[in-house]
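Note sheet for the following structure.
There are 2 protein chains.
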Amino acid sequence: MVRVGLTAERLTRAGAELADEVGFDEVTVSALARRFDVKVASLYSHVKGSQDLRTRIALFALAEMADRVADALAGRSGKDALAAFADAYRDYARQHPGRYAAAQLRLDPETAASSAGVRHAQMTRALLRGYDLPEPEQTHAVRMLGSVFHGYISLESGGGFAHTAVDPQVSWSWMVDSLDAMLRARAAS
Amino acid sequence: MVRVGLTAERLTRAGAELADEVGFDEVTVSALARRFDVKVASLYSHVKGSQDLRTRIALFALAEMADRVADALAGRSGKDALAAFADAYRDYARQHPGRYAAAQLRLDPETAASSAGVRHAQMTRALLRGYDLPEPEQTHAVRMLGSVFHGYISLESGGGFAHTAVDPQVSWSWMVDSLDAMLRARAAS
DNA sequence: CCCATTTGCCTAAAGCCATTAGGTATGAAC
DNA sequence: GTTCATACCTAATGGCTTTAGGCAAATGGG
């Protein structure tokens, strides 16, 4: 009985890697046990169960993604910041599709409130400060940016753009440009 | 042995209803058999299996949603059409969350090509004709509209907007307004 | 109208996943 | 070196999926 040295953290990291390889939906307690060459029941000493494992992976991905976005945003402002912000999310999703999917997991309000999710919201607001929108509109804009970027990434990764010849990268840039123009127009009004 | 009269169509419809009640992820061959008070194996005469069932529900939802959107679009143009288009999707997702989720199921390219998915794309293009965009941009705009609306609906249904007091309906209207303005600006340029 | 064939639904069984209960051995601390 | 916590194990239950093979109800040709 060789001790492998499992911990909740190692399981979470391995789960994140597994998610990137086979998809978040296929991340299962059994598959993870197999990967560590350990019996399934052994994992239950470290995580409460399947749901707990998935939640941990989601929180890990949210935090990692927030770090990336924060890095991308550092020292930038205006349209430059907007593009860096957008690319940080899209790049993360392309490099780590499973983790990105994990980050979309519905968390219960309490867990969500203590997650890196709030950093994402804060960074979006910080970004928008550059556009000087009055308060109700700032919230609208936060929601809109979250929607476009998340929606695009989700459709792109789902192969939704595969049937057209137009380069998704070009559409992405066009979209970021358009959003910048739109936000500047709204600020002026 | 009373015959219940199962067919692939009845199973699909019942599956769609079940999805709305318990979520698309919980739609299972077993649950559906239970609902018809029939043994699980009996369903396998009508659908190939779990994946087939889910695909059928997805195709059903895509078609139903396309019908709704087509109705909403009839006789409208410009911003009016844009708002009706957007609302048709959002209303469908709110009335039928499980079906809306089903409609996001990744289909293999062949199935997708013969699904109502193409009608969705066609209607989006038709809608955009009102804005008179040159060709490469039209594709960008199709993608952008799909992204914003899908993204918003997905975040809203996931409770992503629950922590702020601002009415999601107001943000939605603001977003539609902003998109309309943006598209008109792009047409002019 | 009846018999044959189709076919709708069944039982049985195997495989995989999740989860819990309770056992054994290992590594650390005294 | 003995003790004690704990890391990992075996065993067992229950759910979902899928396949194979059987019986009976519907259907239709003679």
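Residue numbers (this note's numbering), protein chains in the order written: chain A, 1 to 189; chain B, 1 to 189. Virtual Cβ for every residue (Gly too), placed ideally from N, Cα, C.
Cβ neighbour criterion (16 or more within 10 Å) applied to residue i
i	result
Thr124(A)	buried
Gly190(B)	Residue 190(B) lies beyond the range of chain B shown here (1 to 189); nothing can be said about it.
Phe90(B)	Correcting the residue identity first, residue 90(B) is Arg in this sequence and not Phe. By the 10 Å Cβ count, Arg90(B) comes out buried.
His163(B)	exposed
Arg54(B)	buried
Asp20(A)	buried
Ser42(A)	exposed
Val27(A)	buried
Val40(B)	exposed
Val142(B)	buried
Thr12(A)	buried
Asp167(A)	exposed
Asp180(B)	buried
Ala101(A)	buried
Val170(A)	exposed
Closest by C-alpha distance to residue i, when choosing among the options
i	options	result
Pro97(A)	Leu43(A), Ser171(A) and Ile57(A)	Ile57(A)
His46(A)	Arg10(A), Ala74(A) and Glu21(A)	Arg10(A)
Ala86(A)	Arg54(A), Gln138(A) and Trp172(A)	Trp172(A)
Phe36(A)	Leu18(A), Gly49(A), Gly23(A) and Ser50(A)	Leu18(A)
Val22(A)	Met65(A), Gln51(A) and Arg99(A)	Arg99(A)
Pro109(A)	Val118(A), Ser50(A) and Gly146(A)	Val118(A)
Arg106(B)	Asp20(A), Gly5(A), Gly158(A) and Leu133(A)	Gly158(A)
Gln104(A)	Arg3(A), Met65(A), Arg34(A) and Val166(A)	Met65(A)
Thr111(A)	Ala31(A), Val27(A), Met182(A) and Asp52(A)	Asp52(A)
Asp25(B)	Val142(B), Ala81(B) and Ser50(B)	Ser50(B)
Ser70(A)	Phe60(A), Asp80(A), Ala88(A) and Ala83(A)	Sequence check: residue 70(A) is Ala here, not Ser. Comparing Cα-Cα distances from Ala70(A) to each of Phe60(A), Asp80(A), Ala88(A) and Ala83(A), the minimum goes to Ala88(A).
Arg3(A)	Leu183(A), Val38(A) and Ala165(A)	Val38(A)
Leu183(B)	Ala8(B), Thr139(B), Gln122(B) and Leu6(B)	Thr139(B)
Ser178(A)	Leu145(A), Glu156(A), Gly160(A) and Ala165(A)	Leu145(A)
Closer than 9 Å to chain B by CB, residue i
i	result
Ala83(A)	no
Glu64(A)	no
Ala93(A)	no
Tyr131(A)	no
Gly158(A)	yes
Leu155(A)	yes
Arg143(A)	yes
Ala112(A)	yes
Ala72(A)	no
Ser30(A)	no
Ser178(A)	yes
Contact with chain A by residue i, beta-carbon distance below 9 Å
i	result
Gly5(B)	no
Phe161(B)	yes
Ser134(B)	Per the sequence shown, residue 134(B) should be read as Pro rather than Ser. By this cut-off, Pro134(B) is not an interface position.
Pro97(B)	no
Thr164(B)	yes
Glu137(B)	yes
Gln169(B)	no
Arg90(B)	no
Pro151(B)	Per the sequence presented here, residue 151(B) reads as Gly, with Pro not at that position. Gly151(B) counts as touching chain A.
Met123(B)	no
Gln51(B)	no
Ala181(B)	yes
Gly146(B)	yes
Ala41(B)	no
Arg106(B)	yes
His46(B)	no
Ala8(B)	no
Ala102(B)	no
Cβ distance (whole Å) where residue i is taken to contact residue j below 8 Å
i	j	result
His150(A)	Ser154(B)	7 Å
Ala16(B)	Leu62(B)	With a Cβ gap of about 11 Å, Ala16(B) and Leu62(B) do not count as contacting.
Leu133(A)	Ala187(A)	6 Å
Arg68(B)	Tyr92(B)	5 Å
Ser147(B)	Tyr152(A)	4 Å
Ala201(A)	Leu73(A)	As shown, chain A starts at 1 and ends at 189. That puts residue 201(A) outside it, with no answer to give.
Ala14(B)	Leu32(B)	6 Å
Glu135(A)	Trp174(B)	Not confirmed; about 13 Å, so no contact.
First through last residue of the alpha helix (DSSP H) which encompasses residue i
i	result
Pro109(B)	Pro109 to Ala113
Ser147(B)	Glu135 to Ser157
Tyr44(B)	Taken as a continuous stretch (DSSP letters only), Tyr44(B) belongs to no alpha helix (DSSP H), as it is neither H nor E.
Arg125(A)	Gly117 to Arg129
Ala74(B)	Per DSSP, Ala74(B) belongs to no alpha helix (DSSP H) and is neither H nor E.
Gln95(A)	Gly78 to Gln95
Leu18(A)	Ala8 to Val22
Arg106(B)	Counting along the chain, Arg106(B) falls outside any alpha helix (DSSP H), and DSSP gives it neither H nor E.
Arg35(B)	Val29 to Phe36
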